[in-house]
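Numbers -22 to -1, 1 to 274, taken from mature numbering (1 follows the signal peptide of the UniProt record, and there is no 0), label the letters of the sequence shown in order.
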Amino acid sequence: MATASSSFTAIFFSSAFAACFAEVCTIPLDTAKVRLQLQRKTPLPAPPAAAAAAGGGMLATIMCIAREEGVAALWKGVIPGLHRQFLYGGLRIGLYEPVKAFFVGGAAVGDVSLLSKILAALTTGVIAIVVANPTDLVKVRLQADGKANTVKRSYSGALNAYATIIRQEGIGALWTGLGPNVARNAIINAAELASYDQFKQMFLKLPGFTDNVFTHLLAGLGAGFFAVCIGSPVDVVKSRMMGDSTYRSTLDCFAKTLKNDGPGAFYKGFIANFCRIGSWNVIMFLTLEQVRRFFL
């Protein structure tokens, strides 16, 4: 991770680039994850392909989407996804070192406690997602569009989705699901950044480990696993609220999901989520380390 004294502009753009690159590589997994999370035990009548996807996992869902909607449908939401990662990724990662330094009063960053790392990541996660929530909403809406048991919106693209949401639901609708999104992203950001920081620091103290690609890969996998285990329930609630505007609140969505689908629904799409977030973290942190090394 970069030091707090590094230029924020350089850190922001290197973080945004790494996040966007990881997004492009892994968004088909995210699309499958969203579709799995939106499944219900009592869906509306669906065509055979949708029913087949509902009965399978990540691979079945990916194959079903590609077969019924075309391979390009796996990249639905990639444009707002890049919007999101540029803003959210750039801010949450770019602000992490300065905020971490603030929490320890300017002490040496290398000696920061795990608690301070977690608090810093929680803070940057909240700030970043409040700014980027509209991009997250549009990404989920585009990914969910076309599924038989959700509302068919038929957005023609990201800009059309922004305009349609504002026209039909009001500008405040762009912050639909902000509650669970703040909870999800603050928690996942803490799990990712703090654990990556901690894992990397731990590995570098072990014999034979150096600050290289292998260390970054192991730390990235560890960060991704923690993020999925901790953040999956709020991720499901966020996806359902953003994909279906009939929920009145975060609590309403949580209660209805628990009542109608059971506690297991909160870990629906867990494998897809781990494949997505685990690979995303590995790609993002590997890219980030190399880009920062080059520029900083």
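Beta carbons: idealized from backbone N, C-alpha and C, even for Gly.
Comparing alpha-carbon positions, the option among A169, G55 and T188 lying closest to L199 turns out to be A169. If you compare the alpha carbons of G48, A243 and I96 with that of K216, the shortest gap goes to A243. Going by DSSP, N167 is part of the alpha helix (DSSP H) stretching over L156 to N167. Straight through space, the alpha carbons of P185 and C231 are spaced by roughly 48 Å. Here the alpha carbon of V214 sits roughly 22 Å from the alpha carbon of V260. Closest by C-alpha distance to Y245, out of S210, T265, Y74 and G103, is S210. Excluding its 5 nearest sequence neighbours in each direction, V56 has C-beta neighbours in its own chain below 6 Å: I5, listed in chain order. The beta carbon of T142 sits closer than 7 Å to those of Y133, all from its chain and outside the five residues before and after it, given in chain order.
The stretch 107 to 123 and the stretch 73 to 85 do not touch, with fewer than 3 CB-CB distances between them shorter than 8 Å. When C-alpha distances from R13 are compared across F(-2), K95 and L37, the shortest belongs to L37. Here the alpha carbon of A164 sits roughly 20 Å from the alpha carbon of S257. By the CB criterion at 8 Å, M220 and T113 fall outside the cutoff. Here the alpha carbons of R270 and A106 stand approximately 20 Å from one another.
Around the C-beta of T224, fewer than 16 other C-beta atoms lie within 10 Å, and the residue is accordingly described as exposed. In this chain, the alpha helix (DSSP H) harbouring T113 covers L92 to A122. Rounded to the nearest angstrom, the gap between the Cα atoms of V108 and E147 is 19 Å. Annotated as distal: N159 and K11, with beta-carbon spacing of 8 Å or more. Boundaries for N190: no alpha helix (DSSP H) harbours it, and the DSSP string shows neither H nor E there. Going by C-alpha positions, S(-8) is about 36 Å away from A233. Taking a C-beta distance under 8 Å as the contact criterion, A(-4) and G103 do not qualify as a contact pair. About 5 Å separates the Cβ atoms of A136 and P58, confirming a contact at the 8 Å cut-off. In the structure shown, K246 adopts coil according to DSSP, grouped into three states.
If you ignore the 5 residues before and after V191, its C-beta comes within less than 7 Å of the C-beta of L264, all in its own chain and listed in chain order. Sorting K95, F203 and L152 by C-alpha distance to the C-alpha of Q176 places K95 at the top. In the three-state scheme derived from DSSP, where H, G and I count as helix and E and B as strand, K11 is classed as helix. Nearest in C-alpha terms to V206, of all of S227, D222 and N167, is N167. Here DSSP, grouped into helix, strand and coil, assigns L69 to helix. Spanning the alpha carbons of L92 and G48 requires a straight line of approximately 45 Å. For the options I255, T193 and N111, the alpha carbon positioned closest to that of G150 is the one of N111.
F181: member of the alpha helix (DSSP H) spanning S173 to L182, first to last residue.
Between Y140 and the set F181, L115, L60 and R45, the nearest pair of CA atoms involves L115. For the set I40, I(-12) and I43, the Cα lying nearest the Cα of L69 is the one of I(-12).
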